[in-house]
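Residue numbers (the working numbering): 836 to 914.
Every residue gets a Cβ at the ideal spot worked out from N, C-alpha and C, and that includes glycine.
Note that the structure is a prediction, hence the values are computed from the model and not measured.
Comments concern the structure below.
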Amino acid sequence: MKVVCVGLALAVLLDATVVRGLLVPAVMQLAGPANWWVPRFLRCRRGRTASVELPATRAEVSPEVARGQVRQGDKGQST
């Protein structure tokens with residue numbers, strides 16, 4: 836049983852480092868644009884997915900901070 840566990844651990848380690856860390860990026864680099872090939876039956880679905888646009892929000896800043904009247908260490912600290 837111990838041999839099986841050690842073998843499995845080595846296989847996972849080999850997969851995580853060599854295969855996913857080196858081989859997959861290298862093959863994707865060699866394949867180039869062929870990585871993004873889409874089958875014909877999926878091409879008709881392109882552009883039909885619903886995308887939700889969220890409204891852009893600005894970070895709310897107090898007027899003192901916006902004018903630069905508060906020093907860096909004084910923001911919201913009380914003694």
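In the three-state reduction of the DSSP assignment, GLU888 falls in the coil class. VAL838: member of the alpha helix (DSSP H) spanning 837–849, first to last residue. In the DSSP annotation of this structure, ARG880 is not part of any alpha helix (DSSP H), being labelled neither H nor E. Per DSSP, PRO860 is one residue of the alpha helix (DSSP H) stretching across 859–866.
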